[in-house]
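Keeping their order, the protein sequence lines are chains B and D. Numbering-wise, the working numbering puts 238 at position 248 of the first sequence, and it's gapless, one number per residue. Each number in the working numbering corresponds to the 1-based position in the second sequence with 11 added. By construction, the Cβ of each residue, glycine as well, lies at the ideal position given by its N, Cα and C atoms.
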Amino acid sequence: MDMQTKIDPAWAWQPYQPDESQPWDEGLAAHLYRRAGFGADSKMLHAAVKRDPSEVVDNLILRNSQPNEFRSAADGLTDTILATGNPKRLSAAWVYRLLQTPSQLLEKMTLFWHGHFATSADKVKDPSMMWDQNKLLRHHALGDFSALVQSIACDPAMLVYLDSAINRKAHPNENFARELMELFCLGEGNYSEQDVQQLARCFTGWEIKNKKFRKNRYQQDVDEKTILGQRGRFDGEEGVQVVLKQPSLEVFLAKKLCRFFVADSLEPSDKLLQPLAELFRGSNLQIAPVVKMMLSSNLFFSSHAVGQKIRSPVELVIGALRCLQATTNSQLVADGLLKAGQGLFYPPNVKGWDGGRSWINSSTLLERSNLVSRILENDATRFGGLSLDHFLQSQQVNSVHSAIDYFERLLLAVRLDDSVKSLLYESVASGTQKPDRKYRALLRAFLSLPQCQIG
Amino acid sequence: MIYPPPSFRSIVFLATATIAFSANAFAEKPVRSDPTAPELLPQTVGVYLQIADAEATIDRILSHPVRLRIESMPAYKALVESGEFDELNQGVAAFEASMGGPWNEALATLGDRGVSLALDSSNGGVALLIHSSKPKSLERLRGFLLAVSMMKHHQAGVIEQDHYRGFTAYALDEKWKLALINDWMVIVNQPELGKAVIDRYLERPADSLASNASFAEGWITTEPQRHDKPLIASFADLERLRHFGVPKELNREKTDHPIAELVFGGVLANLIHTPYACATLDLSTTGVVLNVTTPHDRQWQSPREYYFGEDQQGIAPPLLNVSDCLFAVSAHRDLSQMWLRAGDFVDEKAVDELAKADSNLTTIFSGRDFGEDILGSFESGIQIVGSVQEFEALRPTPAIKLPAVAAEFLMKNPAETVPEMRRVFQSLVGFLNVVGAMEGQPQLDLGMQTIGDAQLITATYVPVRDDRESREASIHYNFSPTLAFAEDRMILSSTIALAAELAKSAQAKEPHVDSGMITNTMATLHADTFQQVLAANTDQLVASNMLEKGHSKTNAENEIAILLELVDFLKDAKMKLGFSDQRMRIHVAVNVNTDEIE
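What follows is the structure, given as structure tokens:
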């Protein structure tokens, strides 16, 4: 799609105003919750359509400060799990958080930053370091990007992952400097090799001892450096500031956020991204205003965005469970997400997850389906604390036909053909299974549909 | 239009009316009256289980103090009121309506002369025989079961029937059939088995389960020769089951796991040869006891002599006794023989693993052969004990609180063995420190203590400065590995405190032989200390519950509280494995806490 000729930047980021051609309905509300979080149940959708879309977006942004009770329980759970020394338990604790949090956007952004500042427990190994980083990402997720980058530059897990736990004056370690510019802030082509070498000198003396960050002044290179056209006796923090001032930063970040929230295949021009970039820079690199602009925009609610993302394993599984108020075995989900290609705390490499079409290949597609099966067959999986048939009854869904419509409404970004609905109906209606098993079989079939892989 | 299903009562009436005219009006008469269940079953029965007196069984269960305590628990009441058991309650109500009285009285009457379950090894047939002094109650039960069957299969007024020698068999579903034979109810899944029962009822031929030599010999150990009838008695014709390859393990000479071999090897040696096994289950106010008895022969022991001991002298040493004891295990195992002859009783894959381990261990032990020289320097008795640790004063305090565990061995030649083991222990500590440093783990500090004549070589984890006062420290701080030598005893312990306690304690007396049986293995688990361990780790249990069941913190805490309350019902669990020249016996007892029971 030639986005450059089709989309008017002036129109794209204007706030969406419902009208007859594009009313604010449950379909768009579900789209908003799928993208801004993981999904909404029937009650949330019902409440959302009674309000203005801008109000709903505002509420999603405002809820980024979690209620104390939830934060206390979720943090306490993770702190307790750390004692096992097993990072896989940490993944399970995050799944639990994703399923239960009232602040979906905060968790979605934390997940985004986890893929952006990719750090894997495979290499770091120490779960307490990984948890500290996760808390850092969450703290800054919708806040100040500069503070986020400064914090991540001193994060022990990040430095261990990038082999930057030691950085000597005589041989500056270029790993972190390179990734800071290429992957975290500026993108390819916006810096030179010399910039990498000079920036690496800023971080000399930065090291990790006993899992803690410290500055070794004996190893610090205090001489003058020239980075990205700036000259000075920069230390690490000042080096980061130089990078953050680069004009390519806001466009780079805006593009990434756009791809994450709006559409996978979006290749927006710099012109299209300009309003977002200006807002980002103008607000002193505050993340929330940019996200709000995106989630409130015409482009976001248009056909360029609705149904134009392939759901990641987390979005598919957590989304389905949240839409149906489900609770389950979080460890089972965490282990399955790893096999499906999106292990929490286990990004595949320093670039994080590519997303988009890379989520779907012959092995991940099979694993997505298997994971859904394992979850639905597990006795711990309950829906609103009930069996699935009782839960559906509580939602006034009393037949297979109405269950198909119910799942379509909550789970799908695109409508199903009647032929597909008939096939779904026939696959379960004739069986002699108990109602709970029957509806679980239907849900499994639903979540395996190609249409359900799109969000 | 959708018609409502017929009411349960109407179905029962219909079922009763339909079968009233097809009852066994033209049945043949038996040769003799009052057969026993084994006399009605064919010789090919592989597994037989009997509840001799259902009334006594139900009475014992319903009046048991533990049951009364469970019912008084608020969690139980909440569960009952939650609606989870509505379907079951409806079924019970329907049953009571059919039987004309409370379910417990009905069941007691139905099975007052015995309830038996049999598995026919020749065709996989299963038979349930219910013998009642009141045939009328059996008729009511028949009506109830047929009504349930009709409801389940959405039938009304249609019951498939077969006739055999004047008796009528009613189909409960495609597989299962039910027949009344005077004061017996027979339910089978194979028509041939049902016919065999009827034939034996009428003719009383010589060949039946009762005339099976193995059954006759084994049943004596369970049955009413004892003045106190067991709750449940059972018999398994292992020779017959092995012939049919069920279960597979009974035909395997070798195990696939060395630990399983160490624990169960002798039992397996017996089960792959013994013709039968009998088991009884008893319930009293103090607990539940399971006894399993099989014939035994010394010739079956080969090649597992390491398990039984030479000349049948494989006596387990006494159980170790320590304060706050969690569990104690004692066994006779000649570890040296087991290691050297492993190829005779573990499979190839396990042998490969042991060979690799042997190579590494020989290196650690300075070139001395691990199996012959190292393991061979100890006597054949193994004693293992676990106890609850005191964490209150311990700093740093680990977040996960594990019990301390120790193993005690008798050295054949302390003068040689002590310096050898001391060297190896020091080497191992050094090795752990090097590996630990690479992984960022705390380091072990070696030390030495003397308690009387006992010598202790200790290793203590040194906390990093910031962790010294931590109350959520890593799991390492549960351990202070210690090797202790007291006369001819060597103690390997996970903590200094437990090693010191064992080193100070006098040697236990020799065990005695119990009723001609040599106790080869015994174990005890103390429920009160087990509860202490669980309670000390409540946070971890709650966290696991939240992750594995998706519960909120409150619900998880409630569930763990119930678990702790249920463990509080228990006092201890004991196990004994004994052998004589003729018998092997496994005795398992779970005792309940009667302290709070009125």
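For the pair M284(B) and L266(B), the CB atoms are nearer than the 8 Å cut-off. Under the Cβ distance rule, S481(D) does not count among the residues neighbouring chain B, no pair being separated by less than 8 Å. Approximately 5 Å separates the beta-carbon atoms of K582(D) and N604(D); this is inside 8 Å, confirming the contact. For W230(D), the uninterrupted alpha helix (DSSP H) segment begins and ends at 224 to 230.
At least one CB of chain B lies nearer than 8 Å to the CB of S485(D). For D293(D), the enclosing beta strand (DSSP E) starts and ends at 288 to 295. Against chain D, the CB of N200(B) has a partner CB under 8 Å away; the residue lies at that interface. In terms of Cα proximity to I486(D), the closest of W311(D), T408(D), Q394(D) is T408(D). In the structure shown, A253(B) falls within a coil segment according to DSSP collapsed to helix, strand and coil. Contact residues of the region 82 to 96 of chain B toward chain D are A82, A83, V85, Y86, L89, Q90 (C-beta to C-beta distance below 9 Å).
At a cut-off of 8 Å, the C-beta of M586(D) has no neighbouring C-beta in chain B. Inside the region 309 to 353 of chain D, DSSP marks whole alpha helix (DSSP H) runs of 4 or more residues at positions 316 to 319, 346 to 351, from first to last along the chain.
Rounded to the nearest angstrom, the gap between the Cα atoms of V357(D) and L365(D) is 10 Å. The Cβ atoms of V601(D) and V278(D) do not sit closer than 8 Å to each other. Distances from the alpha-carbon of A19(B) to those of E10(B), D9(B), V47(B), D(-2)(B) put V47(B) closest. One thing to note: F28(B) has its Cβ no nearer than 8 Å to the Cβ of F107(B).
Residues of chain B with a Cβ closer than 7 Å to the Cβ of I573(D) do not exist, since the nearest Cβ in that chain sits about 17 Å away. Between the region 142 to 160 of chain D and the region 268 to 286 of chain D there are fewer than three C-beta pairs closer than 8 Å, too few to call the two in contact.
Residues P314, Y317 of the same chain have their beta carbon placed closer than 8 Å to that of R352(D), with the five preceding and five following residues left out of the count. In terms of CA proximity to Q201(D), V137(D) leads the group V473(D), P425(D), V137(D). I395(D) and D69(B) have their C-alpha atoms roughly 34 Å apart. When secondary structure is reduced to three states using DSSP, F174(B) falls in the helix class. Annotated three-state conformation of D583(D) is strand, per DSSP.
Unbroken alpha helix (DSSP H) stretches of 4 residues or longer found wholly inside the region 543 to 570 of chain D: 549 to 560, given in chain order.
Distance from the CA of E359(D) to the CA of A393(B), rounded to the nearest whole angstrom, comes to 54 Å. What A63(B) touches in chain D, judged by beta-carbon distance under 7 Å, is K564, going in chain order. With fewer than 16 neighbouring CB atoms inside 10 Å of its own CB, S412(B) falls in the exposed class. Residue pairing by DSSP places Q443(B) in no beta bridge whatsoever. At least one C-beta of chain D is nearer than 8 Å to the C-beta of I71(B). Per DSSP, the unbroken beta strand (DSSP E) holding Q454(D) starts and ends at 454 to 462. For N206(B), the secondary structure class from DSSP, reduced to helix, strand or coil, is coil. Ranked by Cα distance from P329(D), the first of Q101(D), I69(D), A554(D), T532(D) is T532(D).
Separation of the CB atoms of V126(D) and W114(D) is rounded to 15 Å, and the pair is thereby denied contact status at 8 Å. Of all C-beta pairs linking the region 208 to 227 of chain D to the region 46 to 55 of chain D, three or more are shorter than 8 Å, placing the two stretches in contact. Taking the Cα positions, E16(B) is about 9 Å away from S32(B). When secondary structure is reduced to three states using DSSP, A160(B) falls in the coil class, being assigned neither helix nor strand.
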